[in-house]
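Visitor: Those protein sequence lines, which keep their order, are chains A and B. With the numbering used here, the residue at position 143 of the first sequence is 143, and numbering never jumps. With the numbering used here, the residue at position 159 of the second sequence is 591, and numbering never jumps.
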Amino acid sequence: MIKTISMAALAVTFTATSSFAATNITWWHGMGGRNGEVINEVAQKFNAAQTACALTPVSKGTYEEALAAGIAAFRSGEQPNILQVFDAGAATIINAKGAVIPAEDLIIKAGYAFDRDAFIEGVKYFYAAADGKFVGMPFNSSAPIMYINDEALKKAGVEAPSTWEEFEAIAPKLKEAGYIPLVQSQLTWEFTENFFSRNNIQFATNNNGYDSVVDTKMQLTNPQLVMMFDKLKGWADQGYFAYYGAGWSDNQKPFEENKVALWIGSSGSFGGLQKTAQMPFSATFLPYWGSIQGAGTNTFIGGAALFAMAGKSDEENKCVADFFQFLTSPDVQKFYHQATGYVAITKAAYELAKAEGYYNEKPAAEVGIKQLMLPSGEWSKGYRLGFYPQIREIMEREYGRIFAGETTPKEAFETIEKEGNDLLARFAKTAG
Amino acid sequence: MKRVQFSSPYLPYVFLAPQLAVIVIFFYWPSVQAIQSSFYLEDPFGFGSTFVGLSNYADAFASAEYGRIARFTVVFTGLVTFFSLSLGLLLAVKADAVIRGNAAYKTLLISVYTIAPPVAGLIGMMFFDQHIGPFVKIAAFFGWEMKVGLNYVDTAFAMVVVAVWKQIPYNFIFFLSGLQSVPVSVREAAAIDCRSGFRRFWTVVLPLLAPTAFFLLVINITYSLFDTFGIIDVMVKDKAANNPITLVYKVYMDGFRGNDIGGSSAQSVILMVVVFVLTILQFRFIERRVHYT
Numbered sequence: 001m002i003k004t005i006s007m008a009a010l011a012v013t014f015t016a017t018s019s020f021a022a023t024n025i026t027w028w029h030g031m032g033g034r035n036g037e038v039i040n041e042v043a044q045k046f047n048a049a050q051t052a053c054a055l056t057p058v059s060k061g062t063y064e065e066a067l068a069a070g071i072a073a074f075r076s077g078e079q080p081n082i083l084q085v086f087d088a089g090a091a092t093i094i095n096a097k098g099a100v101i102p103a104e105d106l107i108i109k110a111g112y113a114f115d116r117d118a119f120i121e122g123v124k125y126f127y128a129a130a131d132g133k134f135v136g137m138p139f140n141s142s143a144p145i146m147y148i149n150d151e152a153l154k155k156a157g158v159e160a161p162s163t164w165e166e167f168e169a170i171a172p173k174l175k176e177a178g179y180i181p182l183v184q185s186q187l188t189w190e191f192t193e194n195f196f197s198r199n200n201i202q203f204a205t206n207n208n209g210y211d212s213v214v215d216t217k218m219q220l221t222n223p224q225l226v227m228m229f230d231k232l233k234g235w236a237d238q239g240y241f242a243y244y245g246a247g248w249s250d251n252q253k254p255f256e257e258n259k260v261a262l263w264i265g266s267s268g269s270f271g272g273l274q275k276t277a278q279m280p281f282s283a284t285f286l287p288y289w290g291s292i293q294g295a296g297t298n299t300f301i302g303g304a305a306l307f308a309m310a311g312k313s314d315e316e317n318k319c320v321a322d323f324f325q326f327l328t329s330p331d332v333q334k335f336y337h338q339a340t341g342y343v344a345i346t347k348a349a350y351e352l353a354k355a356e357g358y359y360n361e362k363p364a365a366e367v368g369i370k371q372l373m374l375p376s377g378e379w380s381k382g383y384r385l386g387f388y389p390q391i392r393e394i395m396e397r398e399y400g401r402i403f404a405g406e407t408t409p410k411e412a413f414e415t416i417e418k419e420g421n422d423l424l425a426r427f428a429k430t431a432g
Numbered sequence: 433m434k435r436v437q438f439s440s441p442y443l444p445y446v447f448l449a450p451q452l453a454v455i456v457i458f459f460y461w462p463s464v465q466a467i468q469s470s471f472y473l474e475d476p477f478g479f480g481s482t483f484v485g486l487s488n489y490a491d492a493f494a495s496a497e498y499g500r501i502a503r504f505t506v507v508f509t510g511l512v513t514f515f516s517l518s519l520g521l522l523l524a525v526k527a528d529a530v531i532r533g534n535a536a537y538k539t540l541l542i543s544v545y546t547i548a549p550p551v552a553g554l555i556g557m558m559f560f561d562q563h564i565g566p567f568v569k570i571a572a573f574f575g576w577e578m579k580v581g582l583n584y585v586d587t588a589f590a591m592v593v594v595a596v597w598k599q600i601p602y603n604f605i606f607f608l609s610g611l612q613s614v615p616v617s618v619r620e621a622a623a624i625d626c627r628s629g630f631r632r633f634w635t636v637v638l639p640l641l642a643p644t645a646f647f648l649l650v651i652n653i654t655y656s657l658f659d660t661f662g663i664i665d666v667m668v669k670d671k672a673a674n675n676p677i678t679l680v681y682k683v684y685m686d687g688f689r690g691n692d693i694g695g696s697s698a699q700s701v702i703l704m705v706v707v708f709v710l711t712i713l714q715f716r717f718i719e720r721r722v723h724y725t
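(1) With H, G and I counted as helix, E and B as strand and the rest as coil, what does DSSP make of His563 (chain B)?
(2) Give a yes or no on whether 8 Å exceeds the smallest Cβ distance from Thr482 (chain B) to chain A.
(3) How do the stretch 339 to 358 of chain A and the stretch 34 to 42 of chain A stand: do at least 3 beta-carbon pairs fall below 8 Å, yes or no?
(4) State the start and end residues of the unbroken beta strand (DSSP E) segment that holds Met309 (chain A).
(5) Name, please, each residue of chain B whose Cβ falls closer than 9 Å to the Cβ of Asp215 (chain A).
(6) With distance defined between alpha-carbon atoms, name the residue in A:Glu65, A:Ser282, A:Gly265 and A:Tyr244 nearest to Asp686 (chain B).
(7) Per DSSP, what are the beta-bridge partners of Gly265 (chain A) in this structure?
(8) Jot down the residue ranges of each uninterrupted alpha helix (DSSP H) in the stretch 29 to 56 of chain A, minimum 4 residues, whole runs only, in chain order.
(9) Output yes if chain A places a C-beta closer than 8 Å to the C-beta of Glu474 (chain B); else output no.
(10) Would the beta-carbon of Val512 (chain B) fall within 8 Å of that of Phe633 (chain B)?
(11) Of the residues A:Phe323, A:Asp211 and A:Pro254, which one's Cα is nearest the Cα of Met279 (chain A)?
(12) Using the DSSP secondary-structure output, state which residues sit across from Ser59 (chain A) in a beta bridge.
(13) Would you please verify whether the beta carbon of Asp692 (chain B) is less than 8 Å from any beta carbon of chain A?
(14) Less than 6 Å between C-beta atoms, sequence neighbours within five positions excluded: which residues of the same chain meet that for Val636 (chain B)?
(15) Please state whether the Cβ-Cβ distance between Gly30 (chain A) and Thr62 (chain A) is less than 8 Å.
(16) From Leu608 (chain B) to Val616 (chain B), what distance separates their C-alpha atoms?
(17) Take the Cβ of Met1 (chain A) as the centre, count every other Cβ of all protein chains shown within 10 Å, and call the residue buried at 16 or more, exposed below.
(18) Ends of the alpha helix (DSSP H) at Pro389 (chain A)?
(19) Quick one: give me the first and last residue of the beta strand (DSSP E) that Glu474 (chain B) is part of.
(20) Check whether the stretch 343 to 356 of chain A touches the stretch 321 to 335 of chain A, counting contact only when three or more Cβ pairs, one atom from each stretch, lie closer than 8 Å.
(21) Under a Cβ-count criterion, where at least 16 other Cβ atoms within 10 Å of its own Cβ denotes burial, should Gly533 (chain B) be classed as buried or exposed?
(22) Does DSSP put Phe483 (chain B) in a helix, a strand or coil?
(23) Three-state secondary structure (DSSP) at Tyr288 (chain A)?
(24) What three-state label does DSSP hand Leu648 (chain B) in the structure shown?
(25) Could you pull out every unbroken alpha helix (DSSP H) segment of at least 4 residues lying fully inside the stretch 611 to 684 of chain B, listed in chain order?
(26) Let me see if you follow: with CB-CB separation under 8 Å, is Gly485 (chain B) close to chain A or not?
(27) Of all the options A:Thr276, A:Phe46, A:Ala283 and A:Lys175, which has the alpha carbon lying nearest to the alpha carbon of Tyr240 (chain A)?
(28) Report the residues of the stretch 378 to 392 of chain A with a CB closer than 7 Å to any CB of chain B, ordered along the chain.
(29) For chain A, find out if any of its Cβ atoms is closer than 8 Å to the Cβ of Arg532 (chain B); answer yes or no.
(30) Just to confirm before moving on: does the CB-CB distance between Thr26 (chain A) and Pro80 (chain A) stay below 8 Å?
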């Protein structure tokens, strides 16, 4: 049996590499389940569309594991051509000068034109250098949006809120109607990082960390942010908000089960929700505070980007550029957008999906893109902070303690700011 | 007795070589590397590293969070070791006394050991799930609103339960074979002298089990410190947040998730030293009281 399988595997390997002239390139990613399958489909489409290059995608587990594997491989000179790196790991890879070739340079060197304005607003800056040059190629992009339990709102006789003030006004009615008014799934991404972008507040010094790693400090004791968490804790105490821990799905589940009226999730969640939600639902933008001046700006992308690793031959780099070109073409973007629920990253792909009437059929799929396309503010472009996965862990820990009643939001943010800034100082030393 | 001689003086080394190679490659070499990088602050991609002396160690010891995790690790190790040893012993004594169908009992009790730690963690996680966990429902029946993943103590409780459950069969096997090696003549002699079964166990059987118990103590402490990693990883669902974690999980989080190689190496060296000291202490103070037959 094993022999048969290994022979079969061998045969497959031979046929896969039998296109002798083709240059082989590899792509390490951190996607599983359906999203991982879609990556294989994208690679197959690329391999079928041309003969010069053969792309092999390899799943390395989770986002964190993919980054760790990529780093370990780079140190031993065995790096893949393309590495998928998630939002929190962006500073790690972008600040490692010489680890990657900026996507924009790679594409231009391969003889293609590169137009930054072809990308939608919220996508442009997150994985780019301070001067706007694309370092990573945005790949799977999502935005935090609010999902609405239509049944609950109808029962309570209220409209979906667009600001948190409006939410406060309707929360008692939702509770009376027998629902938990609000849950969320990731306090770090939805209520911290994107709180700064949606309400247009500065996150960190040095232009949110984009300009330099030296002496970058997070400004987490910002009174507005503390106010947001004071409110959340207050809402939790009054039964207007429920927190089920740091795990994403523990918080999503009650919404699927029709126990919750409003859920802050990812624009990429809607594909799955269509299968699991027990009631009709719709979606709208992430609320902001009407009381904060200049609030209501766009959010920036979450998800991950593809990085072209350095130290590869020109031939292989050309193939990577070809693939990036292929990936950003409207047809492929539209396919990926519809197959996964991640947003389309180029304007052309968005227009294409719109022209086909996709959003009439599935209006929830458009909310994320529209939110990313809202006018941007000075502080809505993103952040570039080192050791950020560890900083997120500190946030998760302190947020958990807030809702367990072990600390107050103000104290929690003082702790996060102190420990986080120590980490940033440490990162500056490693990157220096 | 005739001593076995090798025909060539080099032959023993040849036989030892595979084992030594494994130890050197998988233990000494990484250990030396860990010690080395614990003195450096390094960029994840290896472009530059700065010698920082003991500052990685100082950072770890100065961190309040590290202290909190260390304290939890001590409590966790103590609880898991105590309960898995005592429950394993209890079950072994009881199974040893069963005459009819004892093979079935033993097989059932041992079978849990074949479950891999992450799978045990997964099963445990489902038992204690906030939304669907049967344990949570039972606890709610007794008025305990259990929130695993949210409440520090509840999560710690669940972790200890799963870790103990996973380890009991291992202890069971060793205790059972230990019990079976207690000579029948000794037991019978004891039975004539004393009517109380508990006293006979305490004064005669248990001392004879001491070598087994000592071995298991060392193994169980190491298990609680290191092998529970899979259980913890699954139970915190990749997001430690404010949940309790052990020192070895912290090493993983900082090194593999946070890409801080220097800090993570320093922590793993600290752990190595702790285990080293612990093992020496055990052999010096406890082993002396163990009577080997």
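Don't be surprised by glycine CBs; every beta carbon is placed ideally from N, CA and C. Predicted, not measured: the structure shown is a model, and the values here were computed from it.
Guide: The short version:
(1) coil
(2) yes
(3) yes
(4) Ala304 to Met309
(5) Per Cβ cutoff of 9 Å: no residues; Asp215 (chain A) is ~17 Å from chain B at best.
(6) A:Glu65
(7) A:Ile145
(8) 33 to 49
(9) yes
(10) At the C-beta level, Val512 (chain B) and Phe633 (chain B) stay beyond 8 Å of one another.
(11) A:Pro254
(12) A:His29
(13) yes
(14) Ala622
(15) yes
(16) 14 Å
(17) Low per-residue confidence applies at Met1 (chain A): pLDDT is 46, beneath 50, and the placement is therefore not dependable enough to give any value.
(18) Tyr388 to Phe403
(19) Tyr472 to Glu474
(20) yes
(21) exposed
(22) strand
(23) strand
(24) helix
(25) 616 to 625, 629 to 632, 638 to 654, 661 to 667 and 679 to 684
(26) Under the Cβ distance rule, Gly485 (chain B) does not count among the residues neighbouring chain A, no pair being separated by less than 8 Å.
(27) For Tyr240 (chain A), the nearest C-alpha among the options comes from A:Lys175.
(28) Phe387, Pro389 and Gln390
(29) no
(30) yes
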